[in-house]
Amino acid sequence: MAKLRTRKHKVVLSRSAGGDAGITFLLVILGVFMFLPMLYAIMQALKPLDELWMYPPRFYVMKPTLNNFRDLFILMNTSWVPFSRYIFNTVLISVMGTFGHLFLASLCAYAIAKVRFPGAKVMFKTVETSLMFHATVTAVCSFMIMSAFKMIDSIWAIVVPAWCSTLGLYLMKQFMDTNVPDTVLESSRLDGAGELRTFWIIAMPMVKPAWLTLIIYCFQGLWNAGASIYIYSEQWKSLNYAITQITAGGIKRAGASAASLVLMMAVPIIVFVVSQSNIIETMGSSGMKD
Amino acid sequence: MSPKSAELKAVSRTDITYRQWLWKEIKKNKIAYAMVAPYMILFSIFTILPVVLSVVISFTDFNMLQLPPNIVWLDNYITLFFDDDIFLLACKNTLIFAAIVGPVSYLMSFLVAWFINELSPRIRALVTLIFYAPSISGQIYLIWGTFFSSDSYGWANATLMEIGAITEPINWFKKEEYVMPLCIIVALWSSLGTSFLSFIAGLQGIDRSLYEAGAVDGVKNRWQELWYITLPSMRPQLMFGAIMAITSSFGFGGVVTALCGFPSVNYAAHTIMHHLDDYAGQRYEMGYASAIAVVLFAIMIGANMLVKKALSKVGS
Chain A
25 MAKLRTRKHK VVLSRSAGGD AGITFLLVIL GVFMFLPMLY AIMQALKPLD ELWMYPPRFY
85 VMKPTLNNFR DLFILMNTSW VPFSRYIFNT VLISVMGTFG HLFLASLCAY AIAKVRFPGA
145 KVMFKTVETS LMFHATVTAV CSFMIMSAFK MIDSIWAIVV PAWCSTLGLY LMKQFMDTNV
205 PDTVLESSRL DGAGELRTFW IIAMPMVKPA WLTLIIYCFQ GLWNAGASIY IYSEQWKSLN
265 YAITQITAGG IKRAGASAAS LVLMMAVPII VFVVSQSNII ETMGSSGMKD
Chain B
64 MSPKSAELKA VSRTDITYRQ WLWKEIKKNK IAYAMVAPYM ILFSIFTILP VVLSVVISFT
124 DFNMLQLPPN IVWLDNYITL FFDDDIFLLA CKNTLIFAAI VGPVSYLMSF LVAWFINELS
184 PRIRALVTLI FYAPSISGQI YLIWGTFFSS DSYGWANATL MEIGAITEPI NWFKKEEYVM
244 PLCIIVALWS SLGTSFLSFI AGLQGIDRSL YEAGAVDGVK NRWQELWYIT LPSMRPQLMF
304 GAIMAITSSF GFGGVVTALC GFPSVNYAAH TIMHHLDDYA GQRYEMGYAS AIAVVLFAIM
364 IGANMLVKKA LSKVGS
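So the protein sequences, as listed, match chains A and B.
Residue numbers 25 to 314, in this note's numbering, belong to the letters of the first sequence in order.
Residue numbers 64 to 379, in this note's numbering, belong to the letters of the second sequence in order.
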């Protein structure tokens, strides 16, 4: 019997050695399954052309090179719309979408969680229910609604729906429920601060982990948004779309294409690494009550 | 707020009726309504309205050209279920896909989260990253296309040929018998998302003293601990995770299209989502497409409700 000492406390829980070994074994198998494709993607990006088209192919790179990334940047510079434009578009869409979402969702979450007004529960239940279906269901009619509002072929078609994405509101409301004590808000109200002021000065600083989580979720969605059916003008397309476009050139661009996959995945992963502890903290209150 | 709880609140106020009390509450909370308004209005326009509109349009033959559209009542649904073999095939594929990817990804998320719960924080963070990364890395799943490439330069083909299992390269994503299993594997690989993080946080949040009390009360091993203490304590996370896992298990149409093309060979991996795309994006038969969307909507909500009900019984 292997004994495991839990942190902080001195109580000893029984752990069988067989169980430990089995769990470690399973974890390693699953970990390899998850990690190998990522590793393979990185290997492919570092392979020189003759290794990419070598027979028999190897998993590992023998002479790693950054040439693929250089090729990718050269290809970027030859594109018809200057590449800085695509980067500008993606940054603009991400920033506008993310901060609009953060502000609107927090405002709404605060009112629902902390000002108990008639109708709040119904509103939250509706939002919760909308987590149960995928956006593809509403895509057709969203398109019609957007064209009615003349939003098609402008960045608003991407930005405005991002403002009212549901997961963010859900997580923010749950986090406020558990992490913003009513007594603090009450004393602020007694001091004569209005609801808006209480929200901004007292509640918002207490939910920083949730901000970060909302920002990251929204950013990931917008960053990974590829070719959109809502935007057809070349000068408003996203970076992700442009990169898919230039690397779709077949065999000759296999190296650049491998490099672009790694480049596009690096950004969300780095963002997650930096913010992991905050996201996990937010998820602590994500539970759904029946 | 239900009338019942309102009555409870108004117990000390017998001088006013429920209706008067409600009106007073609404007037008192004007600022709260102003705070929820911007989000709720947008949410209504871009989420609630499309659902309602889909139901309405599904009773018509709207096709973007002829105006006004004719009302055809249930014709679209009748065609869908009795005259459209590809739709039935798509239904079958979608259900197989969701029935495998949903539960397996849910279980994998929970087991991995549970396995790493007792590791040191640094190692836990690293393992979390390894398992979570595929779900946030955009189009990284395309690497599976390279790995299972159709020619002998693909690693899978080359290796199988090397050991003599096959003599000719297999065109993996164009063969009916391989398309579904491969897509399911890729979907599973990239499915450890929000529910996974939620489980990790849920496990971390369980009060340690519960385990101590359990040990005193005769909990002998980790399995008993899991069943009697861990699972009941994190039921809210289990519920949330289930919903995220089920919903996303219906959303892997993009992965299939990217790997197998559209339509997939002999519709072998054709899902309801692809059928919807086909009628809305290519043929502009919006009435028919809306009927498909309504069916898909009903399936998703139904699956979620069912699982929610089942989960509320865990540990009780």
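The C-beta atom is built at its ideal place from N, Cα and C for all residues, glycine as well.
On a predicted model such as this, the values are computed, not experimentally measured, just so you know.
Item, Value
"So what does DSSP say about A134/B, is it helix, strand or coil?", "One detail in the question is off: residue 134/B reads as Ile in this sequence, not Ala. Three-state result, I134/B: strand."
"Name the two residues that bound the continuous alpha helix (DSSP H) containing Q68/A.", "41-70"
"Any beta carbon from chain A within less than 8 Å of L339/B's own beta carbon?", "yes"
"Would you say L155/A lies against chain B (beta-carbon separation less than 8 Å)?", "yes"
"Return the bridge partner residues of T222/A from the DSSP annotation.", "Answer is none; T222/A lacks a bridge partner."
"L116/A to A290/A, Cα distance in whole Å?", "19 Å"
"Counting only beta-carbon atoms, is T162/A nearer than 8 Å to chain B?", "yes"
"Could you confirm whether any beta carbon from chain B is found closer than 8 Å to the beta carbon of A272/A?", "no"
"Following the continuous alpha helix (DSSP H) through K93/B, name the residue where it begins and the one where it ends.", "93-106"
"With which residues is T123/B paired in a DSSP beta bridge?", "I134/B"
"So that I know if they touch, is there some Cβ in chain A lying closer than 8 Å to that of Y195/B?", "yes"
"Can you confirm whether M64/B, when its beta carbon is compared against all beta carbons of chain A, has any partner nearer than 8 Å?", "No answer about M64/B holds up, because its pLDDT of 43 lies below 50 and its placement is not dependable."
"Between which two residues does the alpha helix (DSSP H) holding M156/A run?", "Element bounds for M156/A: n/a, residue is neither H nor E."
"Quick one, which of I169/A, M147/A, F223/A has its alpha-carbon nearest T190/A's?", "M147/A"
"Indicate whether T153/A and G314/B have their beta-carbon atoms separated by less than 8 Å.", "no"
"Counting only C-beta atoms, is I364/B closer than 8 Å to chain A at any point?", "yes"
"Tell me the DSSP secondary structure of A186/A in three-state form.", "helix"
"Counting only beta-carbon separations shorter than 8 Å, does V151/A have a partner in chain B?", "yes"
"If you draw a straight line from the C-alpha of M25/A to the C-alpha of A41/A, how long is it?", "Legend: pLDDT at M25/A = 35, less than 50; position of this residue unreliable, value from coordinates given subsequently. Rounded to whole angstroms, M25/A to A41/A spans 6 Å at the Cα level."
"Using the Cβ count rule (16 or more neighbours within 10 Å means buried), how would you classify A356/B?", "buried"
"Tell me the DSSP secondary structure of P205/A in three-state form.", "coil"
"How many angstroms separate the CA atom of L116/B from the CA atom of I226/B?", "57 Å"
"Excluding the 5 residues preceding and the 5 following F194/B in the sequence, name in chain order all residues of the same chain whose CB lies nearer than 6 Å to its CB.", "V175, L255"
"Give me the chain B residues within the contact set of W77/A, using Cβ-Cβ distance strictly less than 7 Å, ordered along the chain.", "Y216"
"Could you tell me which chain B residues have their CB closer than 8 Å to the CB of T190/A, listed as they occur along the chain?", "F106, T110"
"Under the three-state reduction of DSSP, which class applies to R29/A: helix, strand or coil?", "Unreliable placement is indicated for R29/A, whose pLDDT of 47 sits below 50; the coordinate value is still reported in the next sentence. R29/A falls in the strand class under three-state DSSP."
"Quick one: complete alpha helix (DSSP H) runs, 4+ long, within the segment 143-205 of chain B?", "148-178, 184-199"
"Count the CB pairs spanning the segment 138-150 of chain B and the segment 227-238 of chain B that are closer than 8 Å, and state whether there are at least three.", "no"
"Within the same chain, show all residues whose beta-carbon is closer than 6 Å to that of Y347/B, passing over the 5 residues directly before and after it, in chain order.", "N126, M127"
"Going along chain A in order, which residues have a C-beta closer than 9 Å to the C-beta of L192/B?", "I293, F296, V297, Q300"
"Answer yes or no: do L131/A and G192/A have a C-beta to C-beta separation smaller than 8 Å?", "no"
"Quick one: give me the first and last residue of the alpha helix (DSSP H) that A366/B is part of.", "349-374"
"Pop quiz: F157/A and F210/B are said to be a contact at Cβ under 8 Å. What is the actual Cβ separation, rounded to whole angstroms?", "Rounded, the Cβ-Cβ distance is 32 Å, inconsistent with contact."
"Can you tell me whether Q300/A is buried or exposed, with buried defined as 16 or more other CB within 10 angstroms of its CB?", "buried"
"Express the C-alpha separation of F243/A and L155/A in angstroms, rounding to a whole number.", "19 Å"
"Examine chain A for any beta-carbon lying closer than 8 Å to the beta-carbon of F178/B, and answer yes or no.", "yes"
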